[in-house]
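Asks: In UniProt numbering, the protein residues as written are 1 to 676. Note that beta-carbon positions come from the ideal geometry of N, C-alpha and C, so glycine has one too. On a predicted model such as this, the values are computed, not experimentally measured, just so you know. For reference, the structure I am asking about is given below.
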């Protein structure tokens, strides 16, 4: 935990407030059973180390958490009455311990926690609450992965035990996504060699692949949730400290009082998403259309002076304006989500992700959509824009002689060049900005602090603590790891593959190579570039699953439309060969193929029971069997010697006869009416 200290730079009232807040912090942590140790942090901060005062408190928290899981249906059976035995049967993982301690610190006092919310209210001096990295595991983790080509289940289990299911689900998704990409990579390379761009065969294969992968992953994440014992854990919601309720009512199930914010009020706020979406379309769509038409004019029409330098202008405009507009729109999306006033962290996160997905969808795909659906098939409609830029250039140069220009002709290779940039250049830049740049910035910041002032904290450290405290101060200055950003990157990549790879079939080949690196660079980013994440639990990839389903369906539609609009020996840039009926027919056929393939894949996969579902069914049977033994009991079954009227002695009900009947029923099915 990192908090601001009573620095001499504070005014006297501010210093008094900081000291009072520090005392409250220590008292709050002590009252919930945590021991504390305080050391100097950076220049204006303190490091407050916490740990559970006793193993009994840990056992109590673990037992309470697992009991809550059972009551919510996450666990099939309860933890039992013997706390020690329950923990011996299922040892506490490092992630579980850290999560429970974090919840103990941040939960409200009414729920038995300290109620410490960083940077808010009376805790405004608390800058961060985070667990420390396990350096021994991190070194072993990176060393182990550096020697592996494909990860296995044990690797995912290690991540789950150290970083929690939320991070483990991301790596599980990336692992399976990487393995599945081998198929479109092989098909795409073959199609590129034999059929070139806009291949109908590749479009069909891409559609079928996206269906199979999406349906597979839906089953896989259920299987993982069962294996890790977190199926249904999303039902256990954590309250948002910022939630503002209007009134209290009684829960219909538990009878406990619950805080309520009227859904009608939230709906009124959600209606603001309509003008927000329109603003996104106008701003980002206008930017893409303007910059792309300028880029086409400079590279394909303009032949005047300075062309070799003007070619960089569109890229500069996009590099400057896109992040600027995106930042403004992202801030607006966050403000809208906050105003919707969700009561739980999961609901708030899902709503924010949905808005961010819309923004990312536009910024990522609009340029390619412009090329595929406007530039190549309808290039002639760009002449007014090109004439505008020609007149603008004439005005700027103040030349009386008309500038040299060329006849505009749509070039289908343009979309291949764009896809090459997306799959190769942009991926390299992204890896550098994700891992290398933050690491260099952090090292430079640390070095600057060392050079700018004497590190008094360092000189006062005990020799045996100096190296450890140096690592802690280093970690406190790192960025917070956000798994949502990694999900967003992979889902957007999946969209490129589903929507536009038909225009450049080599897309999957480069994405396959990139994702092999991504698996390892993301692990490296967590280890050296970010603080250790809070090990939250999860039972799926959350709202990103719906995004995958949407992109899979949309990919079948767009691929068919692109093939119809751009393939063949038709004259590019002329819409004379295109009919509305042809476009509609290609889209309908592709959509029907998608839904038919989806039904077929679901039927086939439904015939095969996954190991996780088998395990769950076995556990449920064992639980019922145990319940039967406890209810009927050996003694009760042996004493049941008196037969009911019309029942022979040999037909008396015992535990053995009930088990035998259950076994026979499982063999013969439900039985016919005669059997019953």
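CA-CA distance, residue 118 and residue 21?
Replies: Rounded to whole angstroms, residue 118 to residue 21 spans 12 Å at the Cα level.
Asks: To the nearest angstrom, report how far apart residue 475 and residue 481 are at their CA atoms.
Replies: 12 Å
Asks: Whose CA, out of 35, 281, 167 and 123, lies closest to the CA of residue 536?
Replies: 167
Asks: Please confirm whether residue 52 and residue 101 have their CB atoms less than 8 Å apart.
Replies: Yes, Cβ-Cβ distance for residue 52 and residue 101 is below 8 Å.
Asks: Exposed or buried, residue 525, counting other C-beta atoms within 10 Å across all chains shown (16 or more means buried)?
Replies: buried
Asks: Less than 8 Å between the CB atoms is what I'm expecting for residue 231 and residue 341, so what's the real figure, rounded?
Replies: With a Cβ gap of about 29 Å, residue 231 and residue 341 do not count as contacting.
Asks: Spell out the partners DSSP gives residue 259 in its beta bridges.
Replies: Looking at the DSSP assignment, residue 259 forms a beta bridge with 248.
Asks: According to the Cβ coordinates, are residue 291 and residue 317 closer than 8 Å?
Replies: yes
Asks: Check the C-beta distance from residue 345 over to residue 240 and give it rounded, since I have them as a contact under 8 Å.
Replies: Contact holds; Cβ gap of about 5 Å.
Asks: Assign residue 238 to one of two classes, buried (16 or more other C-beta atoms within 10 Å of its C-beta) or exposed (fewer than that).
Replies: By the 10 Å Cβ count, residue 238 comes out exposed.
Asks: Decide if residue 606 is buried, meaning its Cβ has at least 16 other Cβ atoms within 10 Å, or exposed.
Replies: Residue 606 is exposed by the Cβ-count criterion.
Asks: Can you check which of these residues, 320, 324, 297 and 319, is closest to residue 311 by C-alpha distance?
Replies: 297
Asks: Can you look up residue 81 in the DSSP assignment and give me helix, strand or coil?
Replies: coil
Asks: Have a look at residue 381 and residue 145 and give me their C-alpha separation to the nearest angstrom.
Replies: 52 Å
Asks: Report the rounded CA-to-CA distance for residue 308 versus residue 431, giving the unit in angstroms.
Replies: 29 Å
Asks: Using a Cβ-Cβ cut-off of 7 Å (strictly less than) and excluding sequence neighbours within five positions of residue 85, which residues of its own chain qualify?
Replies: none
Asks: Can you name, in chain order, every residue of its own chain whose Cβ lies under 8 Å from the Cβ of residue 460, other than the five neighbours on each side?
Replies: Hits under 8 Å: 40.
Asks: Got a sec, what are the start and stop residues for the beta strand (DSSP E) residue 40 sits in?
Replies: Taken as a continuous stretch (DSSP letters only), the beta strand (DSSP E) holding residue 40 covers 34 to 40.
Asks: Mind checking which residues open and close the beta strand (DSSP E) that includes residue 45?
Replies: 45 to 52
Asks: If you check the beta carbons only, do residue 108 and residue 559 fall under 8 Å apart?
Replies: no
Asks: Using beta-carbon positions only, say whether residue 181 and residue 515 come within less than 8 Å of one another.
Replies: yes
Asks: Quick one: what's got a C-beta closer than 6 Å to residue 651's C-beta in the same chain, skipping five residues either side?
Replies: Bear in mind that a pLDDT of 45 at residue 651, under 50, signals an unreliable position, so the number given afterwards is only what the model happens to contain. So the list is empty, once near-sequence residues are dropped.
Asks: Specify, as a first and last residue, the run of the beta strand (DSSP E) that residue 127 falls within.
Replies: 126 to 128
Asks: Assuming residue 552 contacts residue 199 (C-beta within less than 8 Å), just tell me the rounded distance between them.
Replies: Actually they do not touch by this definition, with Cβ atoms about 19 Å apart.
Asks: Curious, which full-length beta strand (DSSP E) runs of at least 3 residues does the region 535 to 595 contain?
Replies: none
Asks: In this structure, does DSSP put residue 462 in helix, strand or coil?
Replies: coil
Asks: Express the C-alpha separation of residue 357 and residue 77 in angstroms, rounding to a whole number.
Replies: Put simply, the backbone Cα of residue 77 is about 38 Å away from that of residue 357.
Asks: Give the C-beta separation of residue 49 and residue 532 to the nearest angstrom, bearing in mind that I take them to be a contact with Cβ-Cβ under 8 Å.
Replies: Going by Cβ atoms, the distance from residue 49 to residue 532 rounds to 14 Å, so no, they are not a contact pair.
Asks: Could you spell out where the alpha helix (DSSP H) holding residue 487 opens and where it closes?
Replies: 483 to 500
Asks: Going by the beta-carbon positions, is the gap between residue 305 and residue 508 smaller than 8 Å?
Replies: no
Asks: What residues in its chain sit with their C-beta under 8 Å from that of residue 215, if we drop five residues either side in the sequence?
Replies: 598, 601, 602 and 605
Asks: Classify residue 342 as helix, strand or coil using the three-state DSSP reduction.
Replies: coil
Asks: Below 8 Å between beta carbons: does that hold for residue 314 and residue 284?
Replies: no
Asks: Determine whether the beta carbon atoms of residue 707 and residue 225 lie at a separation below 8 Å.
Replies: Outside the shown range of the chain, which is 1 to 676, sits residue 707, and nothing can be said about it.
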